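Everything below concerns the one structure shown next.
Protein chains in written order, with the working numbering: chain A, 31 to 236; chain B, 2 to 795.
In structure tokens, the structure reads:
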């Protein structure tokens, strides 16, 4: 769980608009990091910091869509609220398809902007929680021995101990021991929970 | 019945007052947690109440022990009050040095709370020796004599630091110009605290026998704090109100500007046949947006220029269109329109006395307020008038609204002018065709040897020669327009000398007036090669010449129209330019509202925000001003110009359009180029055309995909200053390169094909040249034009 306070990043090449929007977000109580160019923002962004991005669509050098792609390429799932000077349907469709959190037209009303930012921050927090959980399960998986892993893959495919023992060329009793250790290391109170954990971590049943 | 002691009554009343006011401030703080200043005021008041309780105990002490006990414990409420005061100064007034703030808190806490309870006796007296009852305004109260603790100096240091802190804060506020708060809040803190300090010091040193009176000093200070908080609330409310008003105005203006830009863009490229319908639609939308009831567009009749007729009438839904509208109803207004004067009246009573008829007609129609705009462009006689009326209520016509509507009027005027010109153009073409058909070809023979003309009778009649009159070359030349004689003479001599046939177009002064003739003659020679005779034919081309002159006039109209068209194509870009400042204004205003919703608004920040709002509003005005300048249809005005500046102006107008189309622009100008002589608006138009064309060439799907436009301004030694605009499009097929400047040449789906033709006309008129060539590599096209230096043309 990340306990850092979320930051609203704002990127707009127009200094006056950037200043005003940062002011408004600050007045609403958010911590804001304004950037006058996409390049500067991409150079400074901290992947660990929770938050969202308020991004102007048309900028010289790099358009909003290109910034979105650059973040994606780095594996950063920061939710983006796009701001645009003109309501351009094809561009907004493109942005939303790629997962934009929102798409607002300038001049933007504070209610729309603040609601969009709040939603984006919530989305970011949920995403982070989700990824942390998967990472946690992966850590547990890494503690399994190769043999325990083989047993796990067969348990979650619903095989009985006897079948597993046959598959792995050993006796049922040994499998029972392995199975107990797998449940313990994965901290799974039941087979149903073990299946859920394995699925979340992307383990394929054999 | 025990007689009430007034000492008990006074101190109890003070304590009760402190607690009551403190509870009010606590309540405010509970509702608005960030309002730390209310919490601090409450703490200071409660501390003061505590001090009051302790002072009562001191005055009523019966033994030295009781006195010592109360004197030790009074330090606790004193510390609470002092800390609350300086936190208030730091957070509410944002004054006082930070380090001093911490030092004062530190020494006060150490002296009153730590040292006081650790050393024997307390921080004031290490031992209270005996009590001295003294008379205090008719009552007997206890004072004490004791051995001063060495630590008392530490306590005094804290007090001096506190006073320093207050004085420093007062000075800071004074310097900031916040004199009222400096005097009322910090000043009262300094005065009351100083008096109390001196009083206490006199008591402790044994020079004065008096009870402590700290309660009333603190009460004075906290009263000043409460007053300050209350007046802040009042100021915040009045600021919030003025902000709400200005935001509402900004919004209304935004809506109206949006409507204007939409209306103007609808008229661009509109076929003449749809202009009438579109004007009706525009009237409807203006009425809807401005809550008006009746819009009438009057036009001077094309057939009879003295008559004005209503051509487009829009009445609010549910309202009957007026059954009769004619110029006779409004003689005075008609007169004003003829001289191009605008009428704006909130009430019909505002019309002058000589408009009695107009007023009566207006009343019959139910009109309450009226705005009538003459429709004319660039000081030309008006083509008509646009009248907007409110029937339901009287209303004002603010300047900004009238200016916006004048812009609409200009759009209407241009559209109507275009409608008229299109029919006029057709008419002049028709006239030319008829003239050619009806042209009588006149035959003549000139006997060179005898110098005598043979002319057909019709020709003689037309030219004004008598039937039997002998016409020599000299006599013929006598009829030729003096300005053209030299040319005719030279052409004749050249033909006689054997340099081809005789060809000439010249004016001839005939009885019926001046006629243009086109003359062609062939020389006949004898065996020796001597010219003996010339036979020829003359064609009357007066009608054609007249039509050509008409076309020249129309061309200027076309140049303006194509500028309007260009602006229409850029309207998206211009809307974007307007959008940026409007975004900043809206967000700034809303941020300010949020600040003002706090109990202790940061007014410095709000002042900054208002300053930014003003500068952004000016920026939006600048965009509109530039647009208006470009649309101006003024006279051609040649003056010395820096072409680099013209280039920069145009790139400013097109900036956001280029950005949104992903086109990067590189400008390469040479510093210190001599000025050229030219018309700024016309040259802007040429550049605008070339830049927009270049962008179109790169974004129409063709080309290498790299979108870069290069604009160079440099010296062309032969021709003056040269401007080159290069794109990376797919180029122009070689066989079409020469034709691009011909009228109606276009490669675009929606192009008029007039842009480059107009550019050509403009550059030629500047004595320059314009041409296009394809780039070698990478592919693309470069348009060059040159303008001679200003000095050379003069």
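From the three backbone atoms N, C-alpha and C, an ideal C-beta is built for every residue, glycine too.
Being a predicted model, the structure only gives us computed values, none of them experimental.
Query raised in the report: Who pairs with residue 538/B in a beta bridge, going by DSSP?
Result: 444/B, 521/B
Query raised in the report: So, helix, strand or coil for residue 449/B, using DSSP?
Result: coil
Report task. Would you mind sorting residue 169/A into buried or exposed? The rule is 16 or more other CB atoms within 10 Å of its CB. Result -> exposed
**Report entry** Supposed close pair residue 170/B, residue 97/B - CB separation, criterion 8 Å
**Finding:** 4 Å
Query raised in the report: Nearest-angstrom Cα distance between residue 92/A and residue 245/B?
Result: 37 Å
Query raised in the report: Would a C-beta distance cut-off of 7 Å place residue 141/B and residue 210/B closer than the cut-off?
Result: no
**Report entry** the region 775 to 789 of chain B contacting the region 717 to 728 of chain B, beta-carbon criterion three pairs below 8 Å
**Finding:** yes
Query raised in the report: Shortest alpha-carbon distance to residue 671/B belongs to which of 646/B, 346/B, 690/B?
Result: 646/B
Query raised in the report: Exposed or buried, what is residue 653/B when buried is set at 16 or more other beta-carbons lying within 10 Å of its beta-carbon?
Result: exposed
Query raised in the report: Can you name the residues of chain A whose CB is closer than 9 Å to the CB of residue 613/B?
Result: 46, 49, 50, 53
Query raised in the report: How should residue 82/B be labelled, buried or exposed, when 16 other C-beta atoms within 10 angstroms of its C-beta is the threshold for buried?
Result: buried
Report task. Please work out which residues of its chain come closer than 6 Å, Cβ to Cβ, to residue 712/B, disregarding the five sequence neighbours upstream and downstream, and give them in chain order. Result -> 648, 668, 726
Query raised in the report: Does the Cβ of residue 691/B lie closer than 6 Å to at least one heavy atom of the ligand NAD?
Result: Judged by which ligands are present, the structure shown has none, so any question about the ligand NAD falls away.
**Report entry** Own chain partners of residue 50/B with C-beta closer than 6 Å, once the 5 adjacent residues on each side are dropped
**Finding:** 16, 19, 20
Requested in this report: Compare the beta carbon distance of residue 386/B and residue 338/B with 7 Å and say whether it is the shorter of the two.
Outcome: yes
Query raised in the report: Below 7 Å between beta carbons: does that hold for residue 585/B and residue 58/A?
Result: no
Query - Neighbour-count burial assignment, residue 39/A, 16 or more Cβ in a 10 Å radius - result: buried
Query raised in the report: Roughly how many whole angstroms lie between the Cα atoms of residue 131/B and residue 117/B?
Result: 20 Å
**Report entry** Local Cβ density within 10 Å of residue 287/B, reported as buried at 16 or more and exposed below that
**Finding:** buried
Report task. Measure the C-alpha to C-alpha separation of residue 772/B and residue 673/B and round it to an integer number of angstroms. Result -> 25 Å
Query raised in the report: Where does residue 208/B fall in DSSP's three states?
Result: coil
Query raised in the report: Which runs of the alpha helix (DSSP H) spanning at least 4 residues fall entirely within the region 599 to 670 of chain B, listed in chain order?
Result: 604 to 632, 644 to 661
Query raised in the report: For residue 382/B versus residue 375/B, is the C-beta distance shorter than 7 Å?
Result: no
Report task. Compare the C-beta of residue 596/B with all C-beta atoms of chain A and state if any pair is closer than 7 Å. Result -> yes
Query raised in the report: Touch check for the region 403 to 410 of chain B and the region 497 to 507 of chain B: three-plus C-beta pairs under 8 Å?
Result: no
Report task. Compute the distance between the beta-carbons of residue 780/B and residue 740/B, then report whether it is under 7 Å. Result -> no
Query raised in the report: Which residue comes first and which comes last in the alpha helix (DSSP H) that contains residue 140/A?
Result: 140 to 172
Query raised in the report: According to the neighbour-count rule (16 or more other Cβ atoms, all chains shown, within 10 Å of its Cβ), is residue 228/B buried or exposed?
Result: exposed
Query raised in the report: Which first and last residues belong to the alpha helix (DSSP H) in which residue 71/A is found?
Result: 68 to 74
Query raised in the report: Per DSSP, which one or two residues make a beta bridge with residue 373/B?
Result: 344/B, 388/B
Query raised in the report: Between residue 296/B and the rest of its own chain, which residues show a CB-CB distance below 6 Å, the 5 nearest in sequence each way excluded?
Result: 284, 288, 315, 389
Query raised in the report: Who are the near neighbours of residue 37/A in its chain, counting only those whose CB is closer than 6 Å to its CB and skipping five residues on each side?
Result: 61, 63, 79, 81
Report task. Return helix, strand or coil for residue 484/B, following the three-state DSSP convention. Result -> helix
Requested in this report: Going by CA-CA distance only, name the one from 76/B, 719/B, 327/B that's closest to residue 770/B.
Outcome: 719/B
Query raised in the report: For residue 160/B, which of helix, strand or coil comes out of DSSP?
Result: helix
Report task. Would you mind reading off the limits of the alpha helix (DSSP H) that contains residue 277/B? Result -> 276 to 291
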